[in-house]
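Since the structure comes first, as structure tokens, the remarks are kept for the end.
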Amino acid sequence: MREPRWIKVGSYLVLTIAAIIAVLPAIWVFVTSFKVESEIFSTQVELVGRSGITFANYEFLLTRGDFQQWFMNSVIVAAAVTVIGVFLAATAAYGLSRYRFRGRNSALYIFLVAQMFPGIILLVPLYNFFVSVGLIDQLPALVISYSTIAIPFSVLMLKAYFDTIPFDLEEAGQVDGLGVFGGFWRIVLPLSVPGVAVTAFYGFVTAWNEFMLASAFLVSRDKLTLPVGLSTFIDPFNQPWHLLAAASVIISIPVMVFFFLAQRYLISGLQTGGVKG
Amino acid sequence: MPKAAALTAALLLTVGAVPALAQDAPALPEVAASELEYQGEISFWNTMRDFEFAEVQKLIDAWTTAHPGISVKHTAQSFDTARADYQNAAPAGTAPDILRADIGWTIGFADDGYLLDLTDKVSDWDDYIGVPLATATWKGSTYGLPHVTDALGLQCNKALLAEAGLDAAPATWQELVDAGSTIADLEAQKYGFYMRGDSYWAQPFTWAWGGKLYEVAEDGSVTVTINSPESIEGWNFLKDNILGTVAPAAPWDYTNDYGNMTTGFKAGTIMCVMNGPWQVADHLTGEAFADPSNLIIAPIPEGTAGNTGSPVGGHNYVVYALVGDDPAKEAAVLDLLSYINGTDAQAYLAQTLGLLPTRNSAYANEAVAADPVISAWGAVMQKATNRAGHPKSSDMYAPYSQYYQAFLNGEMTAEEALAAIETEWNTLFGN
Amino acid sequence: MRSRSWVAWVFMAPTLIAMALIVFLPLVQAFVWTLTDIDRSNMGTRFKEASWTFTGLDNYVTALQDPDFQHAFVWTIVWTLVNVFFHFTLGLLLAVILNQKLRGRTGFRLMLLVPWAIPIYISAIGWSFIFNGEFGLLNNFTALFGIGRIAWYSEFPWYYVAPIIVNVWAGVPFMMVALLGGLQGIPQDQYEAARVDGASRWQSFWNITIPGLRSVSTMVILLGIIWTFNLFAVIFFTTRGGPAGKTNILVTFAYQVFNEGELALAATFGVIIFSILIVFSLFYRRLAPERA
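Chains as they are written, first to last, in this note's numbering: chain A, 11 to 287; chain B, 80 to 510; chain C, 36 to 327.
So this is what it looks like as structure tokens:
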């Protein structure tokens, strides 16, 4: 269908404005990260400060023990959560997808409901729990917490994805001698890469971005993860925006790379999960 | 409330002196030789900012060099979250051996049992100045070693003062308003003064008009006195005369006002600000203070009838209670503290960072006594107001700020806001 | 479909154990604590004996009667509805536009995905820089247009508007992508048939597109509501709940209460928040039965 002129022009106009709005704040922070500290704030809008481009902010962060430590801590926690989260979610989702058993509907409902837990409801008792097992100020406390919190959404997402894979394939596999676990591992999982990608991404992002639990469970400066570490940069008496800008860029890069590489899978995984249910 | 008069006995009373941090780096004090059994690590959370932290690190390095076998894990903990972090860590047994605790936190931590009772473990209590020492004392025992003391002072840009027709910092608020309005151009972001939406900064406006915040009796009971005609008068003066004429009208960005105030002051677009000694070193890195003599330090201006006041703040070194379980470790920790908080170390930090010592003997040190920055602050401390200690005193400021901002924004009158604060404080203190 | 259901439990076991230990047991404990007056000074540590008592439903009464709580409750509802409204409408608009064959479509799509790719708290921090009352980028422009500087985080009504701007900016891409997928799932024949019947563009939109998107919309709106209701990072990293707690949504208020040491009260908030969402989701299922 040939669209009339005004729709085409209008579409480009809207897209352009939207794209500018989407990208401008990121560009502004990016540009700010290369400015000298005293030129961050000025009453004129300048892309480049009077003193030109500087890498000092990045140098400072990348050579500073703290920031590197926070980055490593976040990477460790996020990687662990991604792996554990996918394992836990995939096994449970397979069980829910392939089996009818008593309590199945209740289990599904529980997962749906568990998604709605606000972090705060777990904060108090989990803090207490980790104090008693001596895991305060230790990264495993976060790995345990995040893996579990990411489960409900991941299970529902993967189950929906598994549901779209016809059972006949596993039946055929059975004929060839593949057991239940073989069917899961060799047939269903490989076909579910987009769904697994979404689950992995979700686990990674949850762990990478979470603040509330991390701020309560981690206290020593060298144990902090990135969100908590960065929040210490924002105390009322000291806001080093030049460093915050550079830190924002550094922190965004892994996620953005992961995101843009995987976006095709993510989007198709999301759509399958979404459309089918 | 007792004023910090004791400090002045040791100081030169030069108001508006020319400040300059010591030009030649003073030598690190010598470490006293001592035999320590303990081998291992001592953990130390320091809430100082980077440039201050580095100096304390030097002191620590000197000590560890003299005591091989002991290492000190000295971390820069964020001041904003340190109290919450300590409260999360202490019950779990993972609190640091030493914490640089704000005086407002010390008594609360002591009351919860997190701190080691130092009363009988330290012998030179007499050397400490009374007011700071009181902030570490609770129910007859002392739980911390006062490390620095401070108060808000008026810091001004000499060149801008001259432009406004003043040759010294304004002595009264009215003077500041009159002079400031001749040079202020709010549209162009040039200000005679910059205010904060944080209640810590509102306190002078009660004291300068003769009012008081609260009083703690011997038995620990608290009388709330903030809601008084004096406070009302002071707040209204702020709103009617200062804001919108020489300082931005409310509301301004309350979240970022400290940073914005500092940025503007350093850039030379603000004539006077209220801030403490902790920021002086940073101010001097600003464009406007390339010539350090351009920075004037003076007591907070008077309101009416010769009254003024600014809140005394400061920090204490406190020791985690669990350290007491290991006598060898305890001895090592106390030895470390006796060095980094000793007379010479305090004098060293005074000269390098402009931090005000808490030991009488430190003020007797030649270099300190001659330092104009320290003496300028001495004048400030003389007029500063001590805030009595109470375990819940740290929790006062949230409602205080809340209603103060409601007043600034015009949502409540001074009477209503102060009455609301009074009610909240009475609930807090269980009245 | 398989029948040996005990195997199902083997698959479910790891997850169920983890959830029992880390979610369900703590939940029960949290609930019990809401019936006490536990705070940091009476909770009982190795340093100080426990001295808390059971107080029944006092915490709930205190919470529900607290004007700050009520304010936070209302604002949380407004916050959620306004955000999801804009997320959906703008997401739908962009999805419809992107569904056409346009030149540079991929490029536009990638740019529009940027807000989603950036960690949410980083977006909030970045926007805070832009919102700075004295020196921020936005205020540099408002001055140009003669509006004068706005104290985004301290002035009414801007302190409500600012976090919404940030969250809408960050949340539209997700809706856009989900709805785009939904649009692509609508069979083209329906549109062809409509055109043959002489339907206008608007009519096609209302009668084919909207119904065709129903199951996707239902799900993303539900997710959007739940996520926005519980969204801690944006409010915390922008206004911090200020000024004076006015922009606190329930979850940030609860965090503040936790940091003030009121552990039982914080848990109470958690239970209340959770209950609200459960009740809501029950109603939602009634209204939108297509979504299982």
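Glycine included, each C-beta is placed from N, C-alpha and C at the ideal position.
The structure displayed is predicted, hence computed values, not measured ones.
Using beta-carbon distances, A:L166 does not count as an interface residue toward chain C, since no partner is under 8 Å.
Rounded to the nearest angstrom, the gap between the Cα atoms of B:A238 and B:L231 is 21 Å.
Here A:A226 carries a helix assignment [DSSP, helix/strand/coil]. For B:L138, the closest of B:E294, B:A458 and B:L428 by C-alpha to C-alpha distance is B:L428. Counting other Cβ atoms within 10 Å of its Cβ, B:L255 reaches 16 or more and is therefore classed as buried. The Cβ of A:D178 sits no closer than 8 Å to any Cβ of chain B. Between A:Q125 and A:F163, the CB-CB gap stays under 8 Å.
Put simply, the backbone Cα of C:T115 is about 10 Å away from that of C:I284. Under the DSSP assignment, A:P35 falls in the alpha helix (DSSP H) whose first and last residues are R15 to T42. Among the bridge pairs identified by DSSP, A:R196 is matched with none.
It is roughly 16 Å from the alpha-carbon of A:A90 to the alpha-carbon of A:F268. Judged by DSSP in its simplified three-state form, B:V295 adopts strand. Taken through DSSP and simplified to helix, strand or coil, A:R74 comes out as coil. Residue range V391 to V398 is occupied by the beta strand (DSSP E) that includes B:N395. Non-local C-beta neighbours of B:P478 in its own chain, meaning closer than 8 Å and more than five positions away in sequence, comprise A499, I500, E503, W504 and L507, ordered along the chain. In the three-state scheme derived from DSSP, where H, G and I count as helix and E and B as strand, C:Y290 is classed as helix.
In the three-state scheme derived from DSSP, where H, G and I count as helix and E and B as strand, A:D245 is classed as strand.
Cβ contact annotation for B:A326 (same chain, cutoff 6 Å, sequence separation greater than five): Y270, F272, Y273 and M274, in chain order.
The three-state secondary structure of B:G382, taken from DSSP, is coil.
No Cβ of chain B is located within less than 8 Å of the beta carbon of C:A53. A distance of 8 Å or more separates the beta carbons of B:P283 and B:L487.
When only Cα atoms are considered, B:A367 and C:R275 end up about 32 Å apart. Nearest Cα to A:S84 within the set A:I159, A:P135, A:I175 and A:G213: A:G213.
Using a Cβ-Cβ distance cut-off of 8 Å, the segment 244 to 253 of chain C and the segment 176 to 191 of chain C are not in contact, since fewer than three pairs of beta carbons, one from each stretch, lie closer than that value. For A:G205, the enclosing alpha helix (DSSP H) starts and ends at V203 to N219. Distance from the Cα of A:Q148 is smallest, within the candidate group B:G172, B:L195, B:W184 and B:D206, for B:G172.
DSSP places B:D181 in the strand class (E or B) of the three-state scheme.
A direct Cα-to-Cα measurement between B:A168 and B:Q118 gives close to 24 Å.
Pairwise C-beta distances place the segment 37 to 50 of chain A in contact with the segment 249 to 268 of chain A, as three or more of them are shorter than 8 Å.
In the DSSP assignment, B:V151 is bridged to B:I121. Within the same chain, Cβ atoms closer than 7 Å to the Cβ of C:Y156 are found at A268 and F272, the five residues on either side in sequence being excluded. Collapsing the DSSP output to three states places B:G271 in a strand.
Among the residues of the segment 366 to 388 of chain B, none has a Cβ less than 7 Å away from any Cβ of chain C. Only Q268 and G276 from the segment 256 to 281 of chain B bring a Cβ to less than 8 Å from some Cβ of chain C. When 9 Å is used as the limit between beta carbons, B:D159 is near these residues of chain A: S241, T242, I244, D245, P246, F247 and N248, in chain order.
Distances from the CA of C:G216 to each of C:V286, C:R249, C:F170 and C:V203 were compared; the closest alpha carbon is that of C:R249.
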